[in-house]
Amino acid sequence: MKTNRKIGGANLVEHIWEKSWTYIKTVVDMVREPILVLDRDLCVMAANESFYKVFQVESKDTEGQAVYKLGNGQWDIPALRKLLEDILPQHSFFKGFEVTHNFPFIGRKVMILNARQIHFNEDATSSASVSIILLSMEDITDMVVVAETLAQHANRVGPSSMHEQ
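To get the numbering used here, take the position in the sequence shown, counting from 1, and add 1033.
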């Protein structure tokens, strides 16, 4: 049922958010890669099951926390901080930011991070809006380990051994 009554101020923003949240959460939950949904203050609003599984954390330890405080500050990487802090004010995004980190419990992870602003308005004429950031993570650790192993093997074999065949 559609109503014609006007919703003002904070109520309008809340209304926009409620309409959008179910859609966002459904899409985020369906993606295989770990994803964080961040608010304008870069606090975690939600994460998908892949995030919780890969990083072996629980929602109670994640949601509501600043992204930089996750895992005892392991995500407080100056270059990542700069990229994330620029997204909303500059209406920017980033793709392909590589992070290598040793996490307690799960060990070394090499990830490619991508982030983009999602902006919601009630309609084309409305000035009320809600902005969030989607931060996705592609775990490339296994590919990096294979490449490192091949490089080590090639170094052991040496170029002279390859020419003798």
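Glycine included, each C-beta is placed from N, C-alpha and C at the ideal position.
Quick caveat, the model's predicted, so the values are computed rather than measured.
### Own chain, CB closer than 7 Å to Lys-1039, minus 5 neighbours either side, in chain order
Because Lys-1039 sits at a pLDDT of 46, beneath the cut-off of 50, its placement in the model cannot be relied upon, and the point is left open.
### Which of helix, strand or coil DSSP assigns to Gly-1106
Correct three-state label for Gly-1106: helix.
### Message
Spatial neighbours of Arg-1065 within its chain, please: C-beta separation below 7 Å, excluding the five flanking residues on both sides.
### Response
Ser-1083
#### Entry: Span of the alpha helix (DSSP H), counted from its first residue to its last, around Val-1087
Here the alpha helix (DSSP H) through Val-1087 covers 1082 to 1088.
### Message
Let me check one thing: in DSSP terms, what residues is Leu-1167 bridge-paired to?
### Response
Beta-bridge pairing links Leu-1167 to Val-1070, Arg-1149.
#### Entry: Residue burial classification, Asn-1081 (beta-carbon count within 10 angstroms, cutoff 16)
buried
### Task
Apply the 10 Å Cβ neighbour rule to Val-1179 and answer buried if 16 or more other Cβ atoms are within range, or exposed otherwise.
With fewer than 16 Cβ atoms within 10 Å of its Cβ, Val-1179 is classed as exposed.
### Task
For Glu-1131, name the three-state secondary structure that DSSP assigns.
In the structure shown, Glu-1131 falls within a strand segment according to DSSP collapsed to helix, strand and coil.
### Task
Using beta-carbon positions only, say whether Ile-1166 and Leu-1103 come within less than 9 Å of one another.
Not in contact: Ile-1166 and Leu-1103 (Cβ atoms no closer than 9 Å).
### Message
Less than 7 Å between C-beta atoms, sequence neighbours within five positions excluded: which residues of the same chain meet that for Ile-1173?
### Response
Val-1143, Met-1144, Ile-1145
### Message
So, with DSSP's three-state summary, where would you put Arg-1065?
### Response
DSSP places Arg-1065 in coil when its eight states are reduced to three.
### Task
Measure the alpha-carbon distance for Lys-1035 versus Trp-1108 and round it to whole angstroms.
With a pLDDT of 39 at Lys-1035, under the threshold of 50, the modelled position of that residue is not reliable, and no figure is offered here.
### Query
Short check: CB of Leu-982 to CB of Val-1100, under 9 Å?
Here the chain comprises residues numbered 1034 to 1198, so residue 982 is not present and cannot be evaluated.
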